[in-house]
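Working notes, structure below.
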Amino acid sequence: MKILSVSTATNQLSVALNEDTTVMVEKSEHDKRNHSEHLDPLIAEILTENHLKLKDIDRFAVAIGPGSYTGLRIGVTTIKMFASILAKQAVGVSTMKALAANCQDTDTLIVAGIDARNDNFFAGAYLRENGQLVNIIEDGHYHIDKLLKAVKDYALAHKLEKVVFVGTGFEKQKEAINKLDLPVSFGTDEQNVTHAGVIGKLAIDEQPVEPDQLLPRYLRRTQAEVDWHKKTGKPFEADSNYVEEV
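One rule links them: number in this note's numbering = place in the sequence shown (from 1) + 955.
Below, the structure is given as structure tokens:
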């Protein structure tokens, strides 16, 4: 099965072509924020170099979040369009799960996170059980204090002696992390970024969805939603009409 996967969830753009669990090629651009300009050319480059067309792809996969609002929309919209037009399978993969998958450690609580500024993180924690990643602390938007309390409580309750932090921003929290009084380590440069090839591997075991059901997982209200709520006093809804109201 040929899988084309992309990640636009962070400031790194990543595109990969997998043949089942084998990463055939992965190309990334670091510290770029104009994903809308670079994503399609990078996809075209990979397909051309491998003598393929979009119609030859069996499954399309994308990091659905959490992450950059604009970045997520770019990646999800692109994959939805490809899958819909070509009547192919579409799969969304958690950005946190993709980060956690970079770590192969067992008997270790893998805390994956993306710096959301002001001591906040998009984060989740995972364990490897029988070769599969299990989400232990639900992906969400956490203040660092709340996240670390959940990590410590789980580690102590389950007698886990190792915790590894992968992703961005944790290096700025070393003082707070060291107060966990647990053996901790931090991911390498390669482990701290989201790889499309890893997303492709995870996509094999994820349940495909209809393209129109593929949606970003922001896990935090956008500023527009907050402003709309303040203006109207109406409760938040899953698909609120604040865009029309503003």
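For glycine and all other residues, C-beta sits at the position ideal for the given N, C-alpha and C.
Note that the structure is a prediction, hence the values are computed from the model and not measured.
Cα-Cα separation, residue i to residue j
i	j	result
I958	H1098	35 Å
T897	V1121	Limits of the chain in this structure are 956 at one end and 1201 at the other, which puts residue 897 out of reach.
H1113	L1157	26 Å
A1078	A1042	33 Å
C1058	I1065	7 Å
S1140	I1132	10 Å
T976	G1188	49 Å
P996	I1019	21 Å
H993	K982	11 Å
K1035	V978	22 Å
E1084	T1061	8 Å
A1080	H990	27 Å
I1155	E974	For the sequence presented, residue 1155 should be read as Gly rather than Ile. For G1155 and E974, the distance between alpha carbons rounds to 9 Å.
N1075	T1063	23 Å
Cβ-based neighbour list, residue i, same chain, cut-off 8 Å, excluding 5 preceding and 5 following
i	result
P1138	E1116, K1117 and V1118
Y1173	G1020, P1021, Y1024 and L1027
I1040	none
A1038	F1015, Q1044, A1045, P1166 and L1169
Nearest-angstrom Cβ-Cβ length linking residue i and residue j, presumed shorter than 8 Å
i	j	result
V1031	P1171	5 Å
G1047	L1169	5 Å
D1167	G1124	Actually they do not touch by this definition, with Cβ atoms about 34 Å apart.
K1052	L1088	6 Å
L1135	K1101	Not a contact, Cβ separation roughly 13 Å.
Residues near residue i in its chain [Cβ-Cβ closer than 6 Å; skip 5 each side]
i	result
V961	V970, V1017, G1030 and A1151
Cβ shell of residue i (< 7 Å), same chain only, five flanking positions each side left out
i	result
L1054	A1067, V1121, G1122 and T1149
E1093	G1079
Task: At least 3 beta-carbon pairs within less than 8 Å: the segment 1008-1027 vs the segment 965-982 - done: The segment 1008-1027 is in contact with the segment 965-982.
TODO: Evaluate contact between the segment 1000-1019 and the segment 1132-1145, counting only Cβ atoms and requiring at least three cross-stretch pairs below 8 Å.
DONE: no
Task: Uninterrupted beta strand (DSSP E) stretches inside the segment 1021-1077 (no shorter than 3 residues) - done: Whole beta strand (DSSP E) segments, 3+ residues: 1044-1049 and 1064-1070.
Task: Inside the segment 1121-1150 only - beta strand (DSSP E) runs reaching at least 3 residues - done: 1139-1141
Open item on the list: Ignoring anything shorter than 3 residues, give me the beta strand (DSSP E) runs that lie fully in the segment 958-1017, in order along the chain.
Closed with: As far as the segment 958-1017 is concerned, its whole beta strand (DSSP E) runs of at least 3 residues are 968-974 and 977-984.
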